[in-house]
Each structure stands twice: as C-alpha cells, then as structure tokens.
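>
In full-length UniProt numbering, the protein residues as written are 1 to 144.
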C-alpha cells in the first residue's frame, strides 16, 4: 500500500530550509505531493515575490517531490480531500495549529496523521533559511 504525504507552503525563493522540509516530508512516505499556496491565500506574511505557477514549477522540479499542485483559491482543505493523504507534514516553523487542522480533517472525514518536520541547522554561518532574509540581503547588497 502506498503511503502518501502532503507538504504545503508558499515556497517563495526556494532556500535550503525548504529543501530540507520537502526531503524530510518525502522520507515519511512513498509519494510526496506539495500544495503551493496561491498568492491570494498568503495572509500571514508579506505577499510572495514570485507568481504561484512559478513557485509550483520550481518545487515540482525537486527530486523529492512527486507532484506539486496549486492550493485552492478559497478552501485550503480541497486539495487535501482530493489527494487523500496518509500524512500531512508541517514545516518546523509554519504557523499552522495542528489541533485546528486535525479538527477540520475529522469534520471532513479525512483520516491522516499530522507530523511537524524538524529544523535544519545551517551548513555555514552565512546560509539563509528565510525568503525575507534573502530579500533583505539582496536589497542590502544592491544599496537599497
């Protein structure tokens, strides 16, 4: 029986933290589906720089990812219902509340495990694990 895992996120300006999260999520099962948030659904931080389709395509190109899809425009649980995962892997620093997700999954009749991935330690002192930090460094080095 195939064990299906879902990971999700914005994935704006892919960085080592994203790669680590997706590799760890892939190791939790046999197939990894990644739901890439649409720009209109990103309300917990600044809007993404890259368009959603570009972010999806970059994520889909990663070896650990079997399929990347765009999130639903109004209901973030629709792709989860369509995929029917065994596991939802959350990033170590994602803002999601596992108990609220679990309650909604139960309400919709979706039986799956929710697991929070671990953090990755920087390989060097100047490695950046945040899109915001990458953007800040670009602006700093360009003198803006």
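We put the CB at the ideal spot given by N, CA and C, even for glycine. Quick caveat, the model's predicted, so the values are computed rather than measured.
#1: In or out: residue 17 buried (at least 16 other Cβ within 10 Å) or exposed?
#2: What's the call for residue 103, buried or exposed, on a 16-neighbour Cβ count within 10 Å?
#3: Quick one: give me the first and last residue of the beta strand (DSSP E) that residue 62 is part of.
#4: Could you spell out where the alpha helix (DSSP H) holding residue 17 opens and where it closes?
#5: Report yes or no: do the stretch 57-67 and the stretch 88-99 share at least 3 C-beta pairs separated by less than 8 Å?
#6: Under DSSP, the beta strand (DSSP E) around residue 4 begins and ends at which residues?
On the basis of the supplied data:
#1: Around the beta carbon of residue 17, 16 or more other beta carbons sit within 10 angstroms, so the residue counts as buried.
#2: Here residue 103 is exposed. Its C-beta has fewer than 16 other C-beta atoms within 10 Å.
#3: Element bounds for residue 62: n/a, residue is neither H nor E.
#4: 16-26
#5: no
#6: Run containing residue 4: 4-9, per the beta strand (DSSP E) assignment.
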